[in-house]
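Chemist: The structure that follows is given in the form of structure tokens.
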């Protein structure tokens, strides 16, 4: 379906990787955005994340690599709000009853963060969106569209967004999709072009996901 609603996407803050077609976020926007750095016996890479609770970050499952170490950088936007880096103490990736691993993950910080988190939608949950990534946090509007056939693994619960000359790039993965101050999705895939190709988001509104999230962050 095409939605008349437009959503803001946000991406991470890597100096090299930028969302195509974004613009700098306002100083008062997206204070809950988290930059993740993943290091190990592989080339270092970056993801974004969203602070859901003072010790829990929501991101994409593929941002975890076996044997890797994830460092969370909080308060990266605006830069005057930077806080100490924290190494992730625990990760949880959603796996369904059939054993399929989904591209959605929760990370636990060893210490509570002194940043206001973003709330989950509570009722009338409907997939909307928002995105970011640059040396300054990037924001961009996008429109929910029907996902193209074969764009996603069939077992995953996703929705898609598209806008001319806007796309997500490596490093944007895991960043939040926010509408009217609540998180509705997590950036999973994009093609990093300026052709306005589809970007895929894990659907936080899906009942399986939102129940799993609430159960984990309550611990």
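Numbering (the UniProt record's numbering), first residue to last: 1 to 219. Note that the Cβ used here is the ideal one computed from N, Cα and C, for glycine as well.
Roughly how many angstroms separate the alpha carbons of residue 110 and residue 148, rounded to a whole number?
Modeler: On the chain shown, position 110 is the one that residue 110 refers to. On the chain shown, position 148 is the one that residue 148 refers to. Residue 110 and residue 148: Cα-Cα distance of roughly 40 Å.
Chemist: What's the call for residue 42, buried or exposed, on a 16-neighbour Cβ count within 10 Å?
Modeler: Residue mapping note: residue 42 aligns to position 42 of the chain shown, counting from 1. Under this definition residue 42 is an exposed residue.
Chemist: Return the bridge partner residues of residue 91 from the DSSP annotation.
Modeler: In the chain shown, the residue the question calls residue 91 occupies position 91. Note: residue 91 sits in a beta bridge opposite 107.
Chemist: Pull up the distance between the alpha-carbon of residue 65 and that of residue 38, whole angstroms please.
Modeler: On the chain shown, residue 65 is found 65 positions in, with the first residue counted as 1. On the chain shown, residue 38 is found 38 positions in, with the first residue counted as 1. Taking the straight line from one Cα to the other gives about 8 Å.
Chemist: Does DSSP classify residue 212 as helix, strand or coil?
Modeler: Working through the chain shown from its first residue, we reach residue 212 at position 212. Three-state result, residue 212: helix.
Chemist: Please list the terminal residues of the continuous beta strand (DSSP E) segment that includes residue 203.
Modeler: Along the chain shown, read from residue 1 onward, the residue named residue 203 stands at position 203. Start and end: 199-203.
Chemist: For residue 90 and residue 180, what's the separation of their Cα atoms in angstroms?
Modeler: On the chain shown, residue 90 is found 90 positions in, with the first residue counted as 1. On the chain shown, residue 180 is found 180 positions in, with the first residue counted as 1. Cα to Cα, the separation comes out at about 30 Å.
Chemist: Alpha carbon to alpha carbon, how far is residue 96 from residue 116?
Modeler: Indexing the chain shown from 1 puts residue 96 at position 96. Indexing the chain shown from 1 puts residue 116 at position 116. Looking at the two C-alpha atoms, the distance is approximately 30 Å.
Chemist: What residue range does the beta strand (DSSP E) around residue 36 cover?
Modeler: Working through the chain shown from its first residue, we reach residue 36 at position 36. Here the beta strand (DSSP E) through residue 36 covers 33-40.
Chemist: Please say whether residue 157 and residue 208 have beta carbons closer to each other than 8 Å?
Modeler: For the purposes of this step, residue 208 is taken as residue 208 along the chain shown, with counting starting at 1. For the purposes of this step, residue 157 is taken as residue 157 along the chain shown, with counting starting at 1. Result yes, Cβ atoms of residue 208 and residue 157 sit closer than 8 Å.
Chemist: Could you give the residue range of the beta strand (DSSP E) that holds residue 69?
Modeler: In the chain shown, the residue the question calls residue 69 occupies position 69. Its beta strand (DSSP E) spans residues 69-73.
Chemist: For my contact list, residue 106 and residue 213 are in at a C-beta cut-off of 8 Å; report their separation, rounded to the angstrom.
Modeler: Residue numbering aside, residue 106 sits at position 106 when the chain shown is read from its first letter. Residue numbering aside, residue 213 sits at position 213 when the chain shown is read from its first letter. Residue 106 to residue 213, Cβ: 7 Å. Contact.
Chemist: Out of 198, 119, 185, 67, which has the shortest C-alpha to C-alpha gap to residue 54?
Modeler: Here residue 54 is taken as the residue at index 54 of the chain shown, counted from 1. Among 198, 119, 185, 67, the Cα nearest to that of residue 54 belongs to 119.
Chemist: When you compare each of 74, 122, 101 to residue 113 by their alpha carbons, which one comes out closest?
Modeler: If you number the chain shown from 1, residue 113 lands on position 113. Per the Cα distances, 74.
Chemist: Buried or exposed for residue 69, please, with buried defined as at least 16 other CB atoms from any protein chain shown within 10 angstroms of its CB.
Modeler: Along the chain shown, one-based indexing puts residue 69 at 69. Counting Cβ neighbours within 10 Å, residue 69 comes out exposed, since fewer than 16 surround it.
Chemist: From the DSSP output, in three-state form, read off residue 47 for me.
Modeler: As a first step, residue 47 must be located in the chain shown, where it is residue number 47. Strand.
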